[in-house]
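First residue of the sequence shown: 1, per the UniProt record's numbering; consecutive thereafter.
Yeah, the Cβ is synthetic: ideal placement off N, Cα and C, and Gly gets one too.
Here the structure is a predicted model, which means the values were calculated and not measured.
See below for the structure under consideration.
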Amino acid sequence: MALRGPPDDRSPAELLSFGVVNLDKPPGPSSHQVSGWIRDAVADSLERANAGTTIDRAAHAGTLDPKVTGCLPVMLGDATRLAQAFLEGQKEYVTVLETHAPVPSDAESVIEEFEGPIYQKPPRKSAVSRRLRVRELYDLEVLEAADRQVLLRIRCESGTYVRKLCHDIGLALGTGGHMGHLRRTATEPFDDGTLCTAEEFVDALAFWLEDDEPEPLFELVSPGERILEHIPAVVIADSAAREVAEGAPVYAPGVLEVPDADRGSLVTCYTPNGSAVCLGTLVGDASSETGTVVELERVLV
Numbered sequence: 001m002a003l004r005g006p007p008d009d010r011s012p013a014e015l016l017s018f019g020v021v022n023l024d025k026p027p028g029p030s031s032h033q034v035s036g037w038i039r040d041a042v043a044d045s046l047e048r049a050n051a052g053t054t055i056d057r058a059a060h061a062g063t064l065d066p067k068v069t070g071c072l073p074v075m076l077g078d079a080t081r082l083a084q085a086f087l088e089g090q091k092e093y094v095t096v097l098e099t100h101a102p103v104p105s106d107a108e109s110v111i112e113e114f115e116g117p118i119y120q121k122p123p124r125k126s127a128v129s130r131r132l133r134v135r136e137l138y139d140l141e142v143l144e145a146a147d148r149q150v151l152l153r154i155r156c157e158s159g160t161y162v163r164k165l166c167h168d169i170g171l172a173l174g175t176g177g178h179m180g181h182l183r184r185t186a187t188e189p190f191d192d193g194t195l196c197t198a199e200e201f202v203d204a205l206a207f208w209l210e211d212d213e214p215e216p217l218f219e220l221v222s223p224g225e226r227i228l229e230h231i232p233a234v235v236i237a238d239s240a241a242r243e244v245a246e247g248a249p250v251y252a253p254g255v256l257e258v259p260d261a262d263r264g265s266l267v268t269c270y271t272p273n274g275s276a277v278c279l280g281t282l283v284g285d286a287s288s289e290t291g292t293v294v295e296l297e298r299v300l301v
């Protein structure tokens, strides 16, 4: 079983088969439409390049409604197996709260009370069951307030409904309110400092195909391992990685390094060259001579 080479040494075709693009989603199309356009552009480029490989899927990290803009990481090819990793990360948004009466003078102190755990029930149009659940607001900052608008920065747990949050804040202010423009500025480990547009990505593909110039592509597409940077890392031997590729868990003799993480934590297993092998659950003690250390969640090779 051939394992992937080091992330920094991959060819354009290898990168596009297990990579991620931090896309700046425009207003209008759905997240599903955007990821479909990117998938088709990559598949067409790989075919024209006679790369000997192709992709038949792409996936976005965290759905943004058609009108919402901002950070939409799109996973390419085998990197779609990493979608689970985005559920572990935080999200950040900037939104305009439209109040239904002038913003009261104590608005900032009222809004601060929403920091911490909050109860939310998903809206009727959501794709998940409408059960009351708890989501954490790590930081809620008033950037500006004027007349009937409040500009908010929200750092929150994945799965937080900003539209519902704006409605609830409006009630607490006594004015009523709803969400205006919404932009996602980060979905861990990506943020708006490395965004690219779909047009820039397609241009980079063209530079590679038509001018044999892959550098713009290397600047815009990250190896799939980039998605996993915020997840604790376990380093395993190449021999153990080949066993994982056949469906075996990670046993203690194959473990070279373990993170300081609690049992039950989601971890990523890497070979010594930095290539991701699997996502799994830390279940055992690597200092033991026998036994399972990581149970497999998703094989990546």
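Query raised in the report: Cβ of Leu97 less than 8 angstroms from any chain B Cβ?
Result: Given the protein chain composition of this structure (a single chain), no chain B is represented.
Query raised in the report: Expressed to the nearest angstrom, what Euclidean distance is found between the alpha-carbon atoms of Gly174 and Gly116?
Result: 21 angstroms
Requested in this report: Would you mind listing the beta strand (DSSP E) stretches within the segment 120-149 that are 3+ residues and don't spill past its ends, in chain order?
Outcome: Runs of the beta strand (DSSP E) inside the segment 120-149: 133-146.
Query raised in the report: If you draw a straight line from the C-alpha of Glu213 to the C-alpha of Phe207, how long is it?
Result: 5 angstroms
Query raised in the report: Any contact of the segment 22-40 with the segment 74-82, i.e. 3+ C-beta pairs under 8 angstroms?
Result: These segments touch.
Report task. Taking Ala241 as part of the alpha helix (DSSP H), name the residues at either end of that continuous run. Result -> 238-245
Report task. Out of Ala245, Ser239, Thr194, Ala286, state which residue places its alpha-carbon closest to the alpha-carbon of Ser222. Result -> Thr194
Requested in this report: Take the Cβ of residue 303 as the centre, count every other Cβ of all protein chains shown within 10 Å, and call the residue buried at 16 or more, exposed below.
Outcome: Nothing can be reported for residue 303: it is not among the residues displayed for the chain, which extend from 1 to 301.
Query raised in the report: Considering only C-alpha positions, which residue in the set Val294, Glu108, Phe218 is nearest to Leu151?
Result: Glu108
Report task. Pick out whichever of Leu182, Thr80, Glu219 has its Cα sitting closest to the Cα of Cys196. Result -> Glu219
Requested in this report: Could you check the C-alpha separation between Leu72 and Pro272 for me, to the nearest Å?
Outcome: Annotation: Leu72 to Pro272 spans about 30 angstroms, alpha carbon to alpha carbon.
Query raised in the report: Can you tell me where the alpha helix (DSSP H) with Tyr114 in it begins and where it stops?
Result: Checking the displayed sequence, the identity of residue 114 turns out to be Phe instead of Tyr. Note, Phe114: premise wrong, no alpha helix (DSSP H); not H, not E.
**Report entry** Spatially closest choice to Pro249 from Thr69, Asp260, His60, Ile236, by CA coordinates
**Finding:** Ranking the options by Cα distance to Pro249, first place goes to Ile236.
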